[in-house]
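Sequential numbering from 65 applies to the sequence shown in the working numbering. Built from N, CA and C at the ideal position, the CB exists for glycine as well.
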Amino acid sequence: MAAQITALSLMQDAPVIPVIVLHRTEHAVPMAEALLAGGIRVLEVTLRTPQGLACIEAIAKAVPQAIVGAGTVRNAADAAAAANAGARFAVSPGYTSALGQACRKLDLPLLPGVATSSEIMAAQEDGFGELKFFPAVQSGGIQMLKAWQGPFGDVRFCPTGGISPVNAAEFLALSNVVCVGGSWLVPGSALENGHWSQITDLAQATHKLRA
């Protein structure tokens, strides 16, 4: 990956960006190392738990080979806190111009979430052409992405939400899909039991999803 990180370069790095929910800070580093061993280095650690920022900071310091970012970034304060913790990119569940401007000021690449044509147009108007389709399956899934290929042929998507090893390859086969986001790479049971090799195996398996 080039030194200058962009939303597109993040999406092109691997077929799957893991969506990670951590409840214990001590899980962060071994989890990141396990994903890295499986060939996944772009890691989205969500801010859904109070430990999210501390986990991002731990990974940024201890596993510099990983490219750790913050998920569930909803406003300028979230973006600032994520950047301060060492996040190198941000992912949001939706999009507002205020969030887009905040990330630009922070020089923090943003992958904004969209679920409708109007949201795509709003994000494009602000210069964002690489978007997270969320929640993907619940919002129309593959058929919606196919429908968007016409009016939004210049937009590239990372579908997230309802993606699994069962349907990921079908999403990745679409011309407007660069990667998918998925939580299956980091099962809660593997975290709790320290089964890091299981996470590595799941990460390695993702490279076979793209034809």
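Item, Value
"If you draw a straight line from the C-alpha of L170 to the C-alpha of T180, how long is it?", "27 Å"
"Evaluate A211 with the Cβ neighbour count: other Cβ atoms within 10 Å of its Cβ, from every protein chain shown; 16 or more gives buried, anything less gives exposed.", "exposed"
"Go to T70, then tell me how far its alpha helix (DSSP H) extends in each direction, as first and last residue.", "Element bounds for T70: n/a, residue is neither H nor E."
"Can you have a look at S156 and say buried or exposed, based on whether 16 or more other CB atoms are within 10 angstroms of its CB?", "buried"
"Kindly list the residues whose CB is nearer than 7 Å to the CB of F198, restricted to its own chain and excluding five residues on each side of it in sequence; keep chain order.", "P157, G177, A179, T224, G225"
"Which class does L236 belong to by DSSP, given the choice of helix, strand or coil?", "helix"
"What do you reckon, are the CB atoms on R274 and L236 nearer than 8 Å?", "yes"
"Leaving out five residues on either side along the sequence, give the residues of the same chain with a beta carbon under 7 Å from the beta carbon of Q76.", "V242"
"Here's the rule I'm using: 16 or more other beta-carbon atoms within 10 Å means buried, otherwise exposed. How should A66 be labelled?", "Any answer about A66 is weak, because its pLDDT of 40 lies below 50 and its placement is not dependable; what the coordinates show is given next. Classification of A66: exposed, given that the 10 Å Cβ count is below 16."
"Give me the Cβ distance between L100 and A130, rounded to the nearest whole Å; I'm assuming they're in contact under 8 Å.", "6 Å"
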